[in-house]
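Participant: Dropping the structure in here first, questions after.
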Amino acid sequence: MKIFPVALALLLTCSVGAHAANESVEPGKTATLQVTLGKSSRVKAPTHLARVSVGNPEIVDVSLVKNGDVFLVGKKSGSTNVFLWTREDKLTLIDVVVSIDVVGLQEKLHELMPNETAIKVGAAGDSFVLSGQVADAVAVRQATLLAEQYGGKKVINLLATRDVAQVMLEVKVAEVQKSIDDKLGGSVRVGGAGAAAGTSTQFLSGSAGSISILNGVTNFSLDAEINDGRAKILAEPNIVAISGQEASFLAGGKIYISVPQSTGFGAATITLQEEEYGVGLKFLPTVLEGGKINLRVTPEVSELSSTGTTFGTGTSLSVIPTITTRRASTTVQLNDGQSFAIGGLIKNDVTEAVKAFPVLGELPVLGALFRSSEFQNNRTELVFVITPHLVKPSSQTLPLPTDNFTTPTRTEFQLGSKMEGDPHP
-2 MKIFPVALAL LLTCSVGAHA ANESVEPGKT ATLQVTLGKS SRVKAPTHLA
48 RVSVGNPEIV DVSLVKNGDV FLVGKKSGST NVFLWTREDK LTLIDVVVSI
98 DVVGLQEKLH ELMPNETAIK VGAAGDSFVL SGQVADAVAV RQATLLAEQY
148 GGKKVINLLA TRDVAQVMLE VKVAEVQKSI DDKLGGSVRV GGAGAAAGTS
198 TQFLSGSAGS ISILNGVTNF SLDAEINDGR AKILAEPNIV AISGQEASFL
248 AGGKIYISVP QSTGFGAATI TLQEEEYGVG LKFLPTVLEG GKINLRVTPE
298 VSELSSTGTT FGTGTSLSVI PTITTRRAST TVQLNDGQSF AIGGLIKNDV
348 TEAVKAFPVL GELPVLGALF RSSEFQNNRT ELVFVITPHL VKPSSQTLPL
398 PTDNFTTPTR TEFQLGSKME GDPHP
C-alpha cells in the first residue's frame, strides 16, 4: 500500500487537468469510479483530506492537490482501491476500475461509420470488445481495423452481419493440348540372302510407315511418320461460399510419396507423405457495397511427371514420383455476372533425337539416307474463365433428378428392356 503525505502531495500538480472528469464522494462511504487508461479523473472531497493511499500504484496514480481534491491517472488496465482519510480520521473507500477508452472509440466509430449505429464497444482487460450487427463483412473488417489502430492491443470481434451474402463461382477450365511427332530416317543393314522389295501400308494408320528394299546381303529401309494431335478437356465446377469465407475445389487424386527420414541411430525409416494433384481452385469472395464482389482466386493444375527423383545407394535405388504444378493467384473486383479469364499457363515440351550410321550418317546430302531423326513437341495451354454470382437460399424445396424415378417391374425389364418404369399416375 502506498501512502502520500500531505507535505509531499502539495508539490504535485496534474498536467492533464483539462481532460479530467469531476467526481465527488461522501466521507465515510464507499464509491466506485471508472477511469480511462491514460486519462485523469478528479475526485472532489467535501472536506480537506489528511492522507491518501492506493492499493496497486501500477494501475492508478493518485495525486493530492492543494485544495484537498484528488487526481487519479489510469496507468494500466485493471482494478484497485483508493483510501482517503479526512482530518477527522474518517475513512472513504473508492473502488477504481481502469479501462481502455471505450467512449472515445464509440464516438470515433459513429463519426467514421455513421450508417453502422448498432455497433457497441466494450472492454475486457486491455482489449476492445465489438458487438452488435453491421451490414456486411466489409463493415466488420473496417470496424476491427479502426479498433486496432485506436490503441487496442487485442480486439475481440463479436460483430454479426445482418444479411449473410453468398457468392457462387462458376468456373470453366479449358485445357488445349497439341502434340506433333515428326519422324524421318533411313537405315542400312548388311547380311542375309535373297532379294525382296516392299512398301508398308501404315503411313495413314497412325503407326510408323516404312519402305524396305532387300537385295542379297543389303537391307535398306526408310521410316517416316507425322502425327498431329489435339485434345480439349473441360471442367465446369460451381462452388458457393459465404462472403469472407474461403472455399476450394479439387478434381483429381492423391498420391503417397515415400519420404526417407533418419531415426538418429544411423538407420533410416520411410514415411508416406500425402500429395494431391489435379484441377484445383481456391477463392475468397467479399461482397462490397453496391453488390460488387471482391474476389481473390487461386487456380491450380498439377499432374504426375513422367520423370522422377532417384534416391538411394548401390542396388537399393528408388524412384520418387514428382508432380508438376501450374498455379496462378490474383485479386479482382467484379459486378454480379461479370467474367474474367486467367490464361497464359503454357507448358511446352520439345524432344529431339538423332540416330546415324557411323561415318556414313555424317556425309553431306547422302548422309540423310543413313540417319534417322525424331522430333516431338507437346504444347499445353490452360485457361480459366471465372464468373461470380450473388445467390440467396431458396425457401422452396428444390426438386431432385431422382424424384420421378420409378423402379421397372420384372415384365418391363425382361420384355421391354426398360431401365426405368412408367411413372405412377
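Numbered as in this note's numbering, the sequence shown ends at 422 without a single skipped number.
A virtual CB, placed ideally from N, CA and C, is assigned to each residue, including glycine.
Predicted model only: the values in this text are computed from it and were never measured.
1. Quick check on the burial criterion: 16 or more other C-beta atoms within 10 angstroms. Buried or exposed for Ala193?
2. Let me know if Gly71 comes out buried or exposed under the rule of 16 or more other beta-carbons within 10 Å of its beta-carbon.
3. Taking the alpha carbon of Val51 as the point to measure from, which residue in Thr33, Glu85 and Ile91 has its own alpha carbon closest?
4. Looking at C-beta atoms only, is the number of pairs between the region 76 to 84 and the region 128 to 138 that lie closer than 8 Å three or more?
5. Could you work out which residue in Val382, Glu378, Gly249 and Leu143 is closest to Ile339 when comparing CA atoms only?
6. Can you confirm whether the region 269 to 277 touches the region 142 to 152 when touching is taken to mean that 3 or more C-beta pairs between the two stretches lie within less than 8 Å?
7. Going by C-alpha distance, which of Ile239, Asp333, Val40 and Val170 is nearest Thr162?
8. Can you look up His386 in the DSSP assignment and give me helix, strand or coil?
9. Only counting the same chain, and skipping five residues up and downstream in sequence, which positions put a Cβ closer than 8 Å to that of Ala121?
10. Say whether the region 137 to 148 touches the region 106 to 124, bearing in mind that this needs 3 or more beta-carbon pairs closer than 8 Å, one atom from each stretch.
11. What separation, rounded to the nearest whole angstrom, lies between the Cα atoms of Leu412 and Pro405?
12. Going by C-alpha to C-alpha distance, which of Gly277, Leu61, Ser414 and Thr77 sits closest to Ile423?
13. Give the DSSP-derived three-state secondary structure of Lys87 in the structure shown.
14. Suppose the cutoff is 8 Å on Cβ atoms and the five residues either side in sequence are ignored; what does the same chain contact list for Gln335 look like?
15. Within the region 78 to 128, note down every full beta strand (DSSP E) run reaching 3 residues or more, in order along the chain.
16. Assuming Leu34 and Ser128 form a contact by the criterion Cβ under 8 Å, report the distance between their Cβ atoms to the nearest whole angstrom.
17. Does the Cβ of Ser326 have 16 or more other Cβ atoms within 10 Å, making it buried, or fewer, making it exposed?
18. For Ala193, which of helix, strand or coil comes out of DSSP?
19. For Ala144, which residues of its own chain have a beta-carbon under 7 Å away from its beta-carbon, when the five flanking residues on both sides are left out?
20. Which residue wins for smallest C-alpha separation from Ala157, given the options Gly241, Val388 and Val94?
21. Nearest to Thr304 by CA position, among Glu297, Thr295, Pro318 and Pro296, is which residue?
22. Determine the contact status of Met94 and Gln31, defining contact as a CB-CB distance below 8 Å.
23. Since Val237 is in the beta strand (DSSP E), which residue starts that stretch and which ends it?
24. Buried or exposed: where does Ala248 fall if 16 or more other Cβ atoms within 10 Å of its Cβ makes it buried?
25. Shortest alpha-carbon distance to Val380 belongs to which of Leu109, Arg324 and Gly119?
Facilitator: The relevant details are as follows:
1. Bear in mind that a pLDDT of 41 at Ala193, under 50, signals an unreliable position, so the number given afterwards is only what the model happens to contain. The Cβ neighbour count for Ala193, taken over all protein chains shown within 10 Å, is under 16; the residue is labelled exposed.
2. The residue is buried, with at least 16 neighbouring Cβ atoms inside 10 Å.
3. With distances taken between Cα atoms, Val51 lies closest to Ile91.
4. no
5. Val382
6. no
7. The amino acid occupying residue 162 in the given sequence is Ala; Thr does not appear at that position. Ranked by Cα distance from Ala162, the first of Ile239, Asp333, Val40 and Val170 is Ile239.
8. strand
9. Ile153
10. yes
11. Each residue's alpha carbon lies about 11 Å from the other.
12. Since the first residue of the chain shown is -2 and the last is 422, residue 423 is not available in this structure.
13. coil
14. Thr384 and Pro385
15. 88 to 96 and 117 to 121
16. With a contact defined as Cβ atoms closer than 8 Å, Leu34 and Ser128 miss out at about 20 Å.
17. It counts as exposed.
18. Below a pLDDT of 50, predicted positions are generally treated as unreliable, and Ala193, at 41, falls in that range; no measurement from the model is reported.
19. Leu102, Phe125, Leu127 and Val152
20. Comparing alpha-carbon positions, the option among Gly241, Val388 and Val94 lying closest to Ala157 turns out to be Gly241.
21. It is Pro318 whose Cα lies nearest to the Cα of Thr304.
22. Looking at the sequence provided, one finds Val at residue 94 rather than Met. Their beta carbons are under 8 Å apart, which means Val94 touches Gln31 by this criterion.
23. Asn235 to Ile239
24. Its Cβ having fewer than 16 others within 10 Å, Ala248 is exposed.
25. Arg324
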